[in-house]
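In my numbering, the protein residues as written are 3 to 265. Everything below concerns the one structure shown next.
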Amino acid sequence: MNYTLITGACGGLGSAFVTVLAGRGEPLFLTGRDENKLSRLAESLRAQFSGLAVEYFPCDLCDERSRRRFFAYCDGVNARFLRLVYVAGADVQKGFERYTEEKLVMQTRVNFEGAVSMIRAVMARSDLDGKTEFLCVGSVSGIYPMPYFALYSATKRALWQFCAGLREELKGRAKVTCVQPGAIPTREDVKRSIAAQGLWGKLAALPPEKVAAKSLKAVEKNRRSVVVGFWNKAMRIFTAPIPLSLKMKFIAAKWSKTEKDAF
Ligand SMILES: NC(=O)c1ccc[n+]([C@@H]2O[C@H](COP(=O)([O-])OP(=O)(O)OC[C@H]3O[C@@H](n4cnc5c(N)ncnc54)[C@H](OP(=O)(O)O)[C@@H]3O)[C@@H](O)[C@H]2O)c1
Numbered sequence: 003m004n005y006t007l008i009t010g011a012c013g014g015l016g017s018a019f020v021t022v023l024a025g026r027g028e029p030l031f032l033t034g035r036d037e038n039k040l041s042r043l044a045e046s047l048r049a050q051f052s053g054l055a056v057e058y059f060p061c062d063l064c065d066e067r068s069r070r071r072f073f074a075y076c077d078g079v080n081a082r083f084l085r086l087v088y089v090a091g092a093d094v095q096k097g098f099e100r101y102t103e104e105k106l107v108m109q110t111r112v113n114f115e116g117a118v119s120m121i122r123a124v125m126a127r128s129d130l131d132g133k134t135e136f137l138c139v140g141s142v143s144g145i146y147p148m149p150y151f152a153l154y155s156a157t158k159r160a161l162w163q164f165c166a167g168l169r170e171e172l173k174g175r176a177k178v179t180c181v182q183p184g185a186i187p188t189r190e191d192v193k194r195s196i197a198a199q200g201l202w203g204k205l206a207a208l209p210p211e212k213v214a215a216k217s218l219k220a221v222e223k224n225r226r227s228v229v230v231g232f233w234n235k236a237m238r239i240f241t242a243p244i245p246l247s248l249k250m251k252f253i254a255a256k257w258s259k260t261e262k263d264a265f
């Protein structure tokens, strides 16, 4: 059975990917940290989409031993993969002075180390016959350095850069895409943060289902990187000629006013 492996499957954006792909009848392999949430999601998918193949297994992507248990389970059920959708991520946003060691380790590992580890695992369990797809969820926050969101921004930039390099290595054997969405109203704290940004937040925000559909289209077309949403694309183009020092001042002024803490 050739599955689509979705990390962060129970989260706001992850569950939108799950719904879109389940609607297409694609066999799904779901993961997240909480086995009960995964089991409930799998059950509701089987009830809603009869005949849908759904497999799940919990994994803390920050923990190497947990990842090894996950890979062993995959091999135990002879899972093969057609596609990886790496959605898991931690969007902690605050001044770096206010980070604890635990938060910085978690954010760095789930946003980057977990992604490259899952990509390697899927590579080893797929045909790499030109149809295999690797889709990673980056962020527009990875386009420029982001004061008060500096670590998140750096991990998303690293993810984008890794995917771009890997794409060349796998040319003709797999498609590799890193999408860069703007704001997505998922968790309540994210919704509050979007609301606090006023008109800017409204213009930049796209519903999770739209982001999922556009992202899947981007990897299907084998795009290297796609900024998701008209406003976000326009911002990317219009801000490009502005000197970085000015951009930094603007970003610092804007982002020092809000905080969010993903876990
Ligand atoms: N929301 C936005 O405005 C926005 C904008 C741009 C990019 N993004 C990116 O979109 C992705 C999804 O964000 P979201 O808004 O849907 O957030 P979310 O609802 O908090 O989902 C995050 C997911 O990541 C998983 N996760 C976190 N730490 C993990 C760990 N250590 N091991 C395994 N899974 C872990 C969580 O799984 P469990 O809790 O189930 O274990 C959860 O399903 C993230 O990569 C984020 O950076 C979001």
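Cβ coordinates follow ideal geometry from the N, Cα and C atoms, glycine included.
Checklist entry - What do you reckon, is the C-beta of A92 under 8 Å from a heavy atom of ligand 1? => result Counting from 1 along the sequence shown, the entry for residue 92 is found at position 90. Yes.
Item to check | Complete runs of the beta strand (DSSP E) confined to the segment 127 to 205 [at least 3 residues] | outcome: Counting only runs of 3 or more residues that sit fully inside the segment 127 to 205, the beta strand (DSSP E) segments are 134 to 139, 176 to 183, in chain order.
Item to check | Per-residue burial, I8 [other beta carbons within 10 Å of its own, 16 or more giving buried] | outcome: Residue numbering aside, residue 8 sits at position 6 when the sequence shown is read from its first letter. In this structure I8 is buried. Its beta-carbon is surrounded by 16 or more other beta-carbon atoms within 10 angstroms.
Checklist entry - Which full runs of the beta strand (DSSP E) of 3+ residues lie inside the segment 54 to 83, going along the chain? => result Correct list: 56 to 58.
Checklist entry - Under the criterion of a Cβ to heavy atom distance below 8 Å, does S304 qualify as lining ligand 1? => result Here the chain covers residues 3 to 265 and nothing more, so residue 304 does not appear.
Next on the checklist: So, with DSSP's three-state summary, where would you put F51?
Outcome noted: One-based indexing of the sequence shown puts residue 51 at position 49. If DSSP states are grouped into helix, strand and coil, F51 belongs with coil.
Checklist entry - Under a Cβ-count criterion, where at least 16 other Cβ atoms within 10 Å of its own Cβ denotes burial, should S119 be classed as buried or exposed? => result Counting from 1 along the sequence shown, the entry for residue 119 is found at position 117. Buried, since its Cβ has 16 or more Cβ neighbours within 10 Å.
Checklist entry - What's the gap between the Cα of G34 and the Cα of M3? => result Within the sequence shown, the letter at position 32 stands for residue 34. Within the sequence shown, the letter at position 1 stands for residue 3. Rounded to whole angstroms, G34 to M3 spans 21 Å at the Cα level.
Next on the checklist: Assuming V1 is part of the alpha helix (DSSP H), what are its boundary residues?
Outcome noted: Lying before the first or after the last residue shown, residue 1 is absent from the chain, which here runs from 3 to 265.
Checklist entry - Would you say the beta carbon of M148 comes nearer than 8 Å to a heavy atom of ligand 1? => result Residue 148 sits at position 146 when you count from the first residue of the sequence shown. Incorrect: M148 has no Cβ contact closer than 8 Å to ligand 1.
Next on the checklist: For I8, list the residues DSSP reports as bridge partners.
Outcome noted: Taking the sequence shown and counting its residues from 1, one reaches residue 8 at position 6. I8 is bridged to L32, V87.
Checklist entry - With distances taken between CB atoms, is the gap from V22 to A185 smaller than 9 Å? => result Taking the sequence shown and counting its residues from 1, one reaches residue 22 at position 20. Taking the sequence shown and counting its residues from 1, one reaches residue 185 at position 183. No; because the gap between Cβ atoms is not below 9 Å, this pair is not in contact.
Item to check | Inter-residue Cα distance where the pair is K216 and L205 | outcome: Numbered from 1 along the sequence shown, position 214 holds the residue referred to as residue 216. Numbered from 1 along the sequence shown, position 203 holds the residue referred to as residue 205. Rounded to the nearest whole angstrom, the C-alpha separation of K216 and L205 is 17 Å.
Checklist entry - Do you know how far the Cα of P149 is from the Cα of F72? => result As a working mapping, residue 72 is identified with position 70 in the sequence shown. As a working mapping, residue 149 is identified with position 147 in the sequence shown. If I take the Cα positions, the gap works out to 35 Å.
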